[in-house]
Amino acid sequence: MPLIRKTQAGSDSYGHTWPEDGAVVEVDDPEQVAALLAIPDGGFSEVTPTTRDERAEFAEASPELDAPKSGGRRGRRPASVE
4 MPLIRKTQAG SDSYGHTWPE DGAVVEVDDP EQVAALLAIP DGGFSEVTPT TRDERAEFAE
64 ASPELDAPKS GGRRGRRPAS VE
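Using this note's numbering, you'd call the opening residue of the sequence shown number 4 and step up by one each time.
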């Protein structure tokens with residue numbers, strides 16, 4: 004199931020709720036995922052866990068809970084280009 008992050012807390016018309024900024028929820032329907040990602044400036048993005056620990060943490064998340072509170076990465080700095 005795709006994991007969708009929303010930059011600002013809120014909900015969608017499909018009944019999913021992001022309780023706080025940056026929260027992640029599972030969205031079962033691929034059409035709903037596509038619709039959310041297509042919203043200009045909607046703040047939706049798909050989360051792809053890259054490590055075994057992240058996959059395990061996200062697998063335990065439920066639609067009512069946000070992203071893992073500890074041990075999860077918040078983001079990466081881009082590599083400097085010189």
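Just so it is clear, CB atoms sit at the ideal spot from N, CA and C, and this is done for glycine as well. Because the structure is a prediction, the values reported are computed rather than measured.
{"query": "Same chain only: Cβ atoms within 7 Å of T10, ignoring 5 sequence neighbours per side", "result": "D24, G25, G46"}
{"query": "T51 to L6 span [Cα, whole Å]", "result": "7 Å"}
{"query": "Distance CB(D15)-CB(L39) smaller than 8 Å", "result": "yes"}
{"query": "Sheet register partners of L40 (DSSP bridge)", "result": "Answer is none; L40 lacks a bridge partner."}
{"query": "Residue range of the unbroken beta strand (DSSP E) whose run includes V28", "result": "27 to 29"}
{"query": "Extent of the continuous beta strand (DSSP E) run through E49", "result": "47 to 50"}
{"query": "Chain-order list of residues whose beta-carbon lies under 8 Å from that of P33 (same chain, five-residue window excluded)", "result": "P5"}
{"query": "Length of the line joining the Cα atoms of Q35 and I42", "result": "11 Å"}
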